[in-house]
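Colleague: Numbering of the sequence shown is given in the UniProt record's numbering, commencing with residue 245 and proceeding in unit increments.
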Amino acid sequence: AKAHGGNTSCLYSLLDGESDVRQMKLENGLRTSIENEQLQIVYQPIINLQTTRVAGLEALLRWEHHELGNISPAEFIPIAEKNGMIITIGKWVLETACRQLGEWQSDGFSELCMAVNVSTRQIYEKGFSESVKVILEETGVNPSKLTLEITESLMQDHNFSTHVFKELKEIGVQLSIDDFGTGYSSLSVLSSSQIDRLKIDQSFTQGMLGDGKTQSIVKTIIDMGANLDLELIAEGIETQEQEETLRQFGCQYGQGYYISRPLSAEKVDMYLFAKSR
Ligand code: C2E
Ligand code: CA
Ligand code: CA
Ligand code: CA
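1) Answer yes or no: the CB of D423 versus the heavy atoms of ligand 3, is any distance below 6 Å?
2) How is L312 classed by DSSP in three states: helix, strand or coil?
3) Which whole runs of the alpha helix (DSSP H) in the stretch 390 to 478 are 4 residues long or more, in chain order?
4) Quick one: does the C-beta of E393 sit closer than 6 Å to a heavy atom of ligand 2?
5) If I'm right that V362 touches I394 with Cβ under 8 Å, what's the distance once you round it to whole angstroms?
6) Considering Cα atoms alone, identify which of T489, Q438, T483 is closest to G456.
7) Please determine, among D351, G334, E319, the residue with the shortest C-alpha to C-alpha distance to Q366.
8) Going by the CB atoms, is the gap between E339 and I379 shorter than 7 Å?
9) Given a threshold of 16 other Cβ atoms within 10 Å of its Cβ, counted over all protein chains shown, does K246 qualify as buried or as exposed?
10) So is G250 buried or exposed if we call it buried at 16+ other beta carbons inside 10 Å?
11) Quick check: what's the CA-CA separation for P387 versus E355?
12) Can you tell me whether DSSP reads V337 as helix, strand or coil?
13) Using the C-alpha atoms, what's the distance from L419 back to N272?
14) What's the gap between the Cα of G384 and the Cα of M358?
15) What is the DSSP secondary structure of E271, counted as helix, strand or coil?
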C-alpha cells in the first residue's frame with residue numbers, strides 16, 4: 245500500500261516516521277528514566293481467597309515520560325529488553341520493591357510477600373542470582389518472602405533455566421510461572437520441583453464463566469497444582485462471581501481489579517492498616 249505516490253502513501257510514511265520518532269524517544273528516555281526519577285512502582289495486593297487476608301503484593305513498574313506521559317510496561321519493557329536497559333531497570337525494581345517490603349514488614353506486616361516480575365533477559369545475564377542475593381542481604385528481606393515471576397517463554401531453554409533456577413532455589417526465593425497456560429512451558433518443568441507457584445493467566449479467569457471448556461481448564465490447573473504441591477494464584481479477577489468461583493474451586497490466592505487496583509506505596513500503607521483492623 246505504501247509503494248506509489250499520492251496522498252495515501254504520504255500519510256503512511258508520515259505515520260511511520262512518527263512511530264519511529266516515538267520509538268527513539270522511548271529508547272533514549274529509558275536510559276535516563278531512573279536518574280530523572282520517572283520510574284515508579286505500584287503494588288497490587290494478592291489475597292488469600294480462603295481467608296480473604298492480604299498475602300502479598302505484586303510490584304508493577306510505571307513510567308511517566310516527561311513529554312509522552314504514562315507509558316505502559318507492555319510497550320516499554322520490550323524496548324528495555326531489546327536495548328539492554330532491562331538489566332539496570334530490573335535491578336532497580338528488585339531493590340526498590342525489597343526495600344519497600346522491608347518497611348512494611350517492620351510496620352508489623354511481617355508475613356507479607358513481594359512478587360517481582362523478571363524478564364528472560366535478566367535471568368540470562370551473568371551474575372543474576374548473585375545480585376538477587378546481595379539485594380536480599382542489603383534490604384534484610386527473608387528470601388522466602390520474595391517471589392520471582394517468570395513468564396513461560398523462558399522455559400524454552402530448559403537446561404539453562406534449570407541451572408539458574410537451582411541457584412535461586414539455593415538462595416531460598418520462591419519461583420512462580422506467570423501467565424500460566426498461555427506459553428510454552430512443558431509439564432516437565434513443573435515436575436522439576438523448582439517451581440513453587442503458578443499464576444493462572446487472566447484470560448482464563450475472565451473467560452471461565454462464559455465458557456465451559458475454559459472453566460474445566462481452570463479447574464484442572466487448580467487440581468493439578470494441589471496434586472503437585474504448587475501454590476495457585478488466579479490473576480485478573482474483575483467480578484465477585486469470578487472470585488467466588490475460584491474460591492469454590494479451591495484456588496488459594498487471587499489478584500485483580502475487583503480485589504484492588506495496583507496502588508502507590510502510600511496507598512498500600514492505608515490499605516494494609518484498613519485490612520488489618
Ligand atoms: P503481568 O505480570 O501479567 O501483570 C498483570 C497485569 O494485569 C498488570 O498490567 C496489571 O495492572 C494488570 N491487571 C491486574 N489486575 C487486573 C484485572 O483485574 N483486569 C485487567 N484487565 N488487568 C489487570 P501492567 O501493570 O500494565 O503490566 C503489564 C505487564 O508488564 C506485566 O504483566 C508484566 O509482564 C510487565 N511488567 C510490569 N512491571 C514489570 C517489571 O518490573 N519488570 C518486568 N520485566 N516486567 C514488568
Ligand atoms: Ca506478573
Ligand atoms: Ca500475569
Ligand atoms: Ca502478562
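No residue lacks a Cβ here, since even glycine has one placed at the ideal position from N, Cα and C.
Modeller: Based on what the coordinates show:
1) yes
2) coil
3) Taking only runs of at least 4 residues, the alpha helix (DSSP H) segments lying wholly in the stretch 390 to 478 are 402 to 415, 431 to 435, 446 to 451, 456 to 471.
4) With a threshold of 6 Å, the Cβ atom of E393 counts as near ligand 2, since some heavy atom of the ligand is closer than that.
5) Right, the Cβ-Cβ distance comes to about 6 Å (below 8 Å), so this counts as a contact.
6) T489
7) G334
8) In this structure, E339 lies closer than 7 Å to I379 by Cβ.
9) Residue placement at K246 cannot be trusted, given a pLDDT of 42 that sits under 50; what the coordinates show is reported in the next sentence. K246 is exposed by the Cβ-count criterion.
10) Any reading at G250 must be qualified, since the residue scores a pLDDT of 48, below 50, and its modelled position is unreliable; the value itself is stated next. When all chains shown are included, G250 counts as exposed.
11) 12 Å
12) helix
13) 32 Å
14) In this structure, the alpha-carbon of G384 lies about 13 Å from that of M358.
15) The answer is helix: DSSP assigns E271 an H, G or I state.
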